[in-house]
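Numbering (full-length UniProt numbering), first residue to last: 1 to 115. Here a beta-carbon is modelled for each residue, glycine too, at the ideal position from N, C-alpha and C. Here is the structure we will look at.
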Amino acid sequence: MASILLVSVQLNAQDKNKKVSFEVKGNCGMCKARIEKAALKVKGVKYVNWDIPSKKITLILDENKCSPMDVRKAIALKGHDTDSTKADIKTYNNLPACCKYRDPNSIHMDHGTKH
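Following this line, the structure appears as structure tokens:
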């Protein structure tokens, strides 16, 4: 009986410092600031870094307070697609021209940051 109880407690335990990475679409430093700000506003997110060249975001989050999907949804609400969420077209269209990652020409725009 004790071993069954121990197994169920371990299955319900969630990581307070879970490291997660996934793809987020974007082009530039303005995208980076927007993406990271959206992720940090999710309660439970402790650390965020979005890498421009790889389009990968790395997070440390408390799984007791949020999930990676919560972060994906928050980022999509700001206009950026992730590996499993898509920003709605109206929000995407409100992004600055250089941030429109769905347009292959926007990656060549520069406003003081490297792409």
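Identified DSSP bridge partners for D51 | K56
Cβ-based burial, K78 [other Cβ within 10 Å; buried from 16] = buried
Please determine, among E63, C66, W50, the residue with the shortest C-alpha to C-alpha distance to E23.
W50
Exercise. Can you tell me which of the three DSSP states E36 falls into?
Key: helix
**Contact under 7 Å by Cβ, Y101 with G29** = no
How many angstroms separate the CA atom of K65 from the CA atom of K43? 6 Å
Which class does K78 belong to by DSSP, given the choice of helix, strand or coil?
coil
For K41, three-class secondary structure by DSSP
coil
Close Cβ partners of A74 (< 6 Å) along its chain, the five nearest in sequence each way excluded
A38, V42
Q) In terms of residue numbering, what span does the beta strand (DSSP E) encompassing K19 cover? A) 18 to 23
Inspect the beta-carbon positions of T58 and S21 and report whether they are closer than 7 Å.
yes
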